[in-house]
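Heads up, the thing below is written out as structure tokens.
In my numbering, the protein residues as written are 267 to 449.
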């Protein structure tokens, strides 16, 4: 986080649930966070008693493991993470280098490479996320871990991009939320 961003947000930083708070439109201001592909943390049983009171722990968070192969980030050129470079790479990776398949085919094809599965509405996203066994929650209409509406997951070595159908989904919709009883 840059100094200027901290100076803006530090005085109003919440005591808990900062990741949900950061997805609010008036805080987010169309900014994005980097979601690391190399886990630098792991979940412990302490996490079961965390802020969500275990709501997601057993179903999702317990699967997060610490990376065992050290990465020297300070010796790595991270320029590709700058927005202009990252967006270009991201667009190519998601939209040009993948084939479009339906959600059921994800479970039938060889588990290597990357594929793209479109979602067309709130409940369509939730159902497809559930099939992939990933968290299906939103905050302010933003799916958890989404970048430009795209949620990345892995299934036995197959990278699956859950992607908004932009003819039907136009940006984040604050009205999108998980219906009661489906948490």
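From the three backbone atoms N, C-alpha and C, an ideal C-beta is built for every residue, glycine too. These numbers come from a predicted model, not from an experiment.
{"Item": "Expected contact under 8 Å - CB spacing of residue 380 and residue 410 to nearest Å", "Value": "That pair is no contact at about 20 Å."}
{"Item": "Reference residue 357; option with closest CA among 370, 434, 429, 372", "Value": "429"}
{"Item": "As assigned by DSSP and simplified to three states, the class of residue 372", "Value": "helix"}
{"Item": "Residues that residue 427 bridges to, as DSSP identifies them", "Value": "382, 418"}
{"Item": "Given 8 Å, three or more beta-carbon pairs between the region 402–421 and the region 287–294", "Value": "yes"}
{"Item": "Proximity to residue 434 [Cα-Cα], best of 415, 443, 423, 422", "Value": "415"}
{"Item": "Rounded distance between the beta-carbons of residue 419 and residue 400, thought under 8 Å", "Value": "5 Å"}
{"Item": "Test item: CB-CB of residue 385 and residue 397 under 7 Å", "Value": "no"}
{"Item": "Residue(s) in a DSSP beta bridge with residue 404", "Value": "409"}
{"Item": "Those residues which DSSP pairs with residue 365 across a bridge", "Value": "381"}
{"Item": "When 374, 294, 331, 280 are compared against residue 440, the one with the closest alpha-carbon", "Value": "294"}
{"Item": "Continuous alpha helix (DSSP H) stretch holding residue 335: start and end", "Value": "Where residue 335 is concerned, there is no enclosing alpha helix (DSSP H), given that its DSSP letter is neither H nor E."}
{"Item": "Per-residue DSSP class, three states only, for residue 360", "Value": "helix"}
{"Item": "CA nearest to the CA of residue 267, picked from 445, 283, 300, 280", "Value": "300"}
{"Item": "Same chain, Cβ closer than 6 Å to residue 443, neighbours up to 5 away in sequence not counted", "Value": "404"}
{"Item": "Range covered by the alpha helix (DSSP H) that runs through residue 293", "Value": "291–294"}
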